Amino acid sequence: MGDLCQLGEMPGTSRRIERARKEKGLQEKHSKRGGKQVMQCDICGRTTDDDTSYCTYHNMAHDKVQEAFKVWEPALEITWDDYLTRIFDENGLGRWAREVVEHLMQQNDSSK
Ligand SMILES: [Zn+2]
Numbered sequence: 311m312g313d314l315c316q317l318g319e320m321p322g323t324s325r326r327i328e329r330a331r332k333e334k335g336l337q338e339k340h341s342k343r344g345g346k347q348v349m350q351c352d353i354c355g356r357t358t359d360d361d362t363s364y365c366t367y368h369n370m371a372h373d374k375v376q377e378a379f380k381v382w383e384p385a386l387e388i389t390w391d392d393y394l395t396r397i398f399d400e401n402g403l404g405r406w407a408r409e410v411v412e413h414l415m416q417q418n419d420s421s422k
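Using our numbering, you'd call the opening residue of the sequence shown number 311 and step up by one each time.
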């Protein structure tokens with residue numbers, strides 16, 4: 311009999327645990343947002359979503375710029391600096407990417 315009672319309780323118990331997990335997850339997400347320092351995009355000053363120095367748009371553009379360098383570097387044998395200068399002159403470069411490239415070039419200059 312004892313075994314049967316345990317089995318009967320199982321579904322309800324697991325549902326409760328699942329629900330508690332979900333609620334906990336939501337709370338963690340909420341408190342993380344509220345408790346942490348607000349980061350701002352280095353380029354446009356928009357609030358960033360996580361611990362990146364760029365907002366969603368500039369972060370995406372930055373990823374693309376870095377991705378493209380992996381292709382360009384072996385093909386053209388250029389340095390990061392040369393690459394930035396080159397793609398900055400590209401007409402097809404998008405607005406966000408251009409701002410990222412400009413920002414990266416300024417960073418390079420100041421670090422010299
Ligand atoms: Zn931005």
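Just so you know, even glycine gets a beta-carbon here, dropped at the ideal spot from N, CA and C.
Keep in mind that this is a model prediction, so the values were computed, not measured.
His413 Cβ short of 7 Å to ligand 1 heavy atom set: Incorrect: His413 has no Cβ contact closer than 7 Å to ligand 1.
Heavy atom of ligand 1 within 7 Å of Arg356 beta-carbon: In this structure, the C-beta of Arg356 approaches ligand 1 to less than 7 Å from one of its heavy atoms.
The stretch 362–373 / the stretch 401–409 touching (three or more Cβ pairs under 8 Å): Taking one beta carbon from each stretch, the stretch 362–373 and the stretch 401–409 have 3 or more pairs nearer than 8 Å; the two touch.
Best match in Thr362, Cys354, Val375 for proximity to Gly402 [C-alpha to C-alpha]: When only C-alpha atoms are compared, the closest one is Val375.
CA nearest to the CA of Phe379, picked from Cys365, Cys354, Thr395: Closest in C-alpha terms to Phe379, from the list Cys365, Cys354, Thr395, comes Thr395.
For Thr426, three-class secondary structure by DSSP: For the chain, the structure presents residues 311 to 422; residue 426 sits outside this window and is missing.
Candidates Met415, Cys354, Tyr364, of which the one nearest Thr389 by Cα: For the residues Met415, Cys354, Tyr364, the minimum Cα distance to Thr389 belongs to Met415.
Any non-hydrogen atom of ligand 1 within 7 Å of Ile423 CB: Because the chain in this structure spans residues 311 to 422, residue 423 falls outside the shown range and cannot be described.
Straight-line gap, Val411 to Ile397 (C-alpha atoms, nearest Å): The straight-line gap from Cα to Cα measures roughly 8 Å.
Exposed unless 16 or more other CB atoms sit within 10 angstroms - verdict on His351: Note on identity: in this sequence residue 351 is Cys, with His being the wrong assignment. When all chains shown are included, Cys351 counts as buried.
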